[in-house]
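Chemist: Position one of the sequence shown corresponds to residue 85 (the numbering used here), numbered consecutively onward.
Cβ coordinates follow ideal geometry from the N, Cα and C atoms, glycine included.
Computed from a predicted model, the values in this text were never measured in an experiment.
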Amino acid sequence: MEKRGILLVVSGFSGAGKGTLMKELLRRYENYALSISATTRKPREGEAEGREYFFKDREAFEQMIARDELIEYACYVGNYYGTPRAYVEEQLEQGRDVVLEIEIQGARKVKERFQDTILLFVSPPSAQELRRRLTDRGTETPEVIENRLARAIEEAEGIEDYDYFVINDDLDACVEYVHQIVQCERSRTGRRAEQIQAIRQELKAFAK
Ligand code: 5GP
Numbered sequence: 085m086e087k088r089g090i091l092l093v094v095s096g097f098s099g100a101g102k103g104t105l106m107k108e109l110l111r112r113y114e115n116y117a118l119s120i121s122a123t124t125r126k127p128r129e130g131e132a133e134g135r136e137y138f139f140k141d142r143e144a145f146e147q148m149i150a151r152d153e154l155i156e157y158a159c160y161v162g163n164y165y166g167t168p169r170a171y172v173e174e175q176l177e178q179g180r181d182v183v184l185e186i187e188i189q190g191a192r193k194v195k196e197r198f199q200d201t202i203l204l205f206v207s208p209p210s211a212q213e214l215r216r217r218l219t220d221r222g223t224e225t226p227e228v229i230e231n232r233l234a235r236a237i238e239e240a241e242g243i244e245d246y247d248y249f250v251i252n253d254d255l256d257a258c259v260e261y262v263h264q265i266v267q268c269e270r271s272r273t274g275r276r277a278e279q280i281q282a283i284r285q286e287l288k289a290f291a292k
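1) Helix, strand or coil: which one does DSSP assign to Tyr171?
2) Quick check: the Cα distance between Pro127 and Tyr248, rounded to an integer number of angstroms?
3) Alpha carbon to alpha carbon, what distance is there between Ala282 and Asp141?
4) Where does Ile186 sit, in a helix, a strand or coil, going by DSSP?
5) For Ile202 versus Glu269, is the C-beta distance shorter than 9 Å?
6) Count the other CB atoms within 10 Å of the CB of Arg216; is the residue buried (16 or more) or exposed (fewer)?
7) Can you give me the C-alpha to C-alpha distance between Glu238 and Ile188, rounded to a whole angstrom?
8) Using a Cβ-Cβ cut-off of 8 Å (strictly less than) and excluding sequence neighbours within five positions of Val161, which residues of its own chain qualify?
9) For the pair the stretch 138-152 and the stretch 101-109, tell me if three or more CB-CB distances fall below 8 Å.
10) What does DSSP give as the partner residue(s) for Gly166 in the beta ladder?
11) Roughly how many whole angstroms lie between the Cα atoms of Gly130 and Arg276?
12) Measuring alpha carbon to alpha carbon, tell me which of Phe138, Asp220 and Asp200 ends up nearest Tyr246.
13) Could you have a look at Gly96 and say whether DSSP puts it in helix, strand or coil?
14) I'd like to know whether the C-beta atoms of Leu204 and Val262 end up nearer to each other than 9 Å.
15) Please confirm if the stretch 250-258 is in contact with the stretch 111-122, defined as three or more CB-CB distances below 8 Å between the two stretches.
16) Based on Cα-Cα distance, which residue from Ala289, Leu214, Glu143 and Val172 lies nearest to Phe97?
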């Protein structure tokens, strides 16, 4: 395993299918760890504490901010969401590739702080499909759906800040594609400094 893992940020419109995509990526490959965020949003039906999110009240969340326990946080449609630092650091240190499924403001902050982060934006094939997925989910009120669609318009303006844009049409193909992106990133010269030094030294030793 590599010395330090890669940080992969995945964003996309609410309803783009990021959650399913990430779950499948983790199921298929062992090198990934998924960061669980803290949020002040109320749990949806079927969500469990510590599995989808750590559910906090506003006060507890603000305490996490004050203690600098979050790598980043953002307000999204009236609620706080943030990435707990400890788990991410620990997993990267162990050589795991850590996936953050966060929205665009958070993605930008993470990239500012850790410049070798991969930012990946996942989109459904069309806006119509996005609306259909949000409605079919059946867990949101029409008002929340409208808010999320409005938010999607804003988010679409920021897509160029991402390194990769991936269309989630066929889940299986999309999972493989994302995994390949991470594998390719591993070979970037910036991540291979030690090996590059080693080959240089070997070459010089030969020439002696
Ligand atoms: P949802 O309420 O649908 O679970 O999530 C709403 C949005 O918040 C999604 O775009 C999701 O990616 C984002 N989100 C989830 N966790 C975090 C986080 O820790 N930080 C930030 N900035 N966004 C998050």
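Modeler: Let me spell this out:
1) Tyr171 sits in a helix when the DSSP states are folded into three classes.
2) Taking the Cα positions, Pro127 is about 30 Å away from Tyr248.
3) Approximately 51 Å, taken between the alpha carbons.
4) Here Ile186 carries a coil assignment [DSSP, helix/strand/coil].
5) Ile202 is a Cβ neighbour of Glu269, given a cutoff of 9 Å.
6) So Arg216 counts as exposed.
7) C-alpha separation (whole angstroms): 10 Å.
8) The answer, listed in chain order, is Val228, Asn231, Arg232 and Arg235.
9) Judged by pairs of C-beta atoms under 8 Å, the stretch 138-152 does not touch the stretch 101-109, as fewer than three such pairs exist.
10) Answer by DSSP bridge pairing, in chain order: Ala122 and Tyr157.
11) Computed Cα separation, rounded: 42 Å.
12) Out of Phe138, Asp220 and Asp200, Asp200 has the C-alpha closest to the C-alpha of Tyr246.
13) The answer is strand: DSSP assigns Gly96 an E or B state.
14) The Cβ atoms of Leu204 and Val262 lie closer than 9 Å to each other.
15) No, they do not touch.
16) Ranking Ala289, Leu214, Glu143 and Val172 by Cα distance to Phe97 puts Leu214 first.
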